[in-house]
Amino acid sequence: MKQRLITAAAALLLALPLAHAGEATPMAEDPVVEARMVAISEELRCLVCQNESLAASHAELAEDLRREVRTLVREGKTDPEIKEYLVSRYGDFVLYRPPVKPTTWFLWFGPFVILGGAVIGLIAYLRRRAGKVVAPALSATDKAAAKALLTGQDSPNSPKDQA
């Protein structure tokens, strides 16, 4: 009796993940349509994940957008028409490579402007700092001690002589 109970509990635990598994998303009936949908989806950004392509995302919105793209492909729309449709609904953000236009100039050129400003600031800082560096003046005994260290001789004020 006890072993049957353990077996039933184990079977229940093994079947539990299957109860929550979703159905696989159906592929298009036409492999050409599916391949074109994947190619277009690779160039589009998932609006939920933001760092994944639409093709790689597992978000529900991404699945809806892939379904929409698949429908537009079946209707005979061209790739630019599909992208234009999605941009009109979601803005340039949906594209991985947004067009260069006044509203996206900072996106395209901002990193270079910031990098240039940082380089100019670093050069100005180093020039100011180089002008302020002054070597300390050494006394005659310090110069003699340094010369003795460089030549390998003991200086007259070395700790060996004093000990």
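Mapped onto mature numbering (1 follows the signal peptide of the UniProt record, and there is no 0), the consecutive letters of the sequence shown carry residue numbers -21 to -1, 1 to 142. Where a beta carbon is used, it is the ideal one built from N, C-alpha and C, also for glycine.
Check: For Val73, which residues of its own chain have a beta-carbon under 7 Å away from its beta-carbon, when the five flanking residues on both sides are left out?; Outcome: Leu23, Arg24, Leu26, Leu65 and Val66
Check: Assign Gln(-19) to one of two classes, buried (16 or more other C-beta atoms within 10 Å of its C-beta) or exposed (fewer than that).; Outcome: exposed
Check: Please work out which residues of its chain come closer than 7 Å, Cβ to Cβ, to Thr83, disregarding the five sequence neighbours upstream and downstream, and give them in chain order.; Outcome: Asp71 and Pro77
Check: To test your reading of the DSSP string, which unbroken alpha helix (DSSP H) runs of 4 or more residues are found completely within the region 64 to 142?; Outcome: 84 to 111, 119 to 130 and 138 to 141
Check: What first and last residue would you give for the alpha helix (DSSP H) that runs through Met(-21)?; Outcome: Here Met(-21) belongs to no alpha helix (DSSP H), and DSSP marks it neither H nor E.
Check: Between the C-alpha atoms of Asp121 and Val113, what's the straight-line distance to the nearest angstrom?; Outcome: 17 Å
Check: Let me know the secondary structure DSSP gives Gly1 once reduced to three states.; Outcome: Bear in mind that the predicted position of Gly1 carries a pLDDT of just 47, short of 50, making it unreliable; the figure below should be weighed with that in mind. It is coil, neither helix nor strand.
Check: So, do the region 48 to 65 and the region 82 to 101 have three or more beta carbon pairs nearer to each other than 8 Å?; Outcome: no
Check: Mapping DSSP to helix, strand and coil, what is Ser20?; Outcome: helix
Check: Among the residues of its own chain, which have a CB less than 6 Å from the CB of Val52, if the five just before and after it don't count?; Outcome: Val12, Arg15 and Met16
Check: Below 8 Å CB to CB, which residues in the same chain sit around Leu40 once its five sequence neighbours on both sides are set aside?; Outcome: Cys25, Leu26 and Val27
Check: Do you know whose CA, among Glu31, Ser118, Val92 and Ile19, lies nearest Arg46's CA?; Outcome: Ile19
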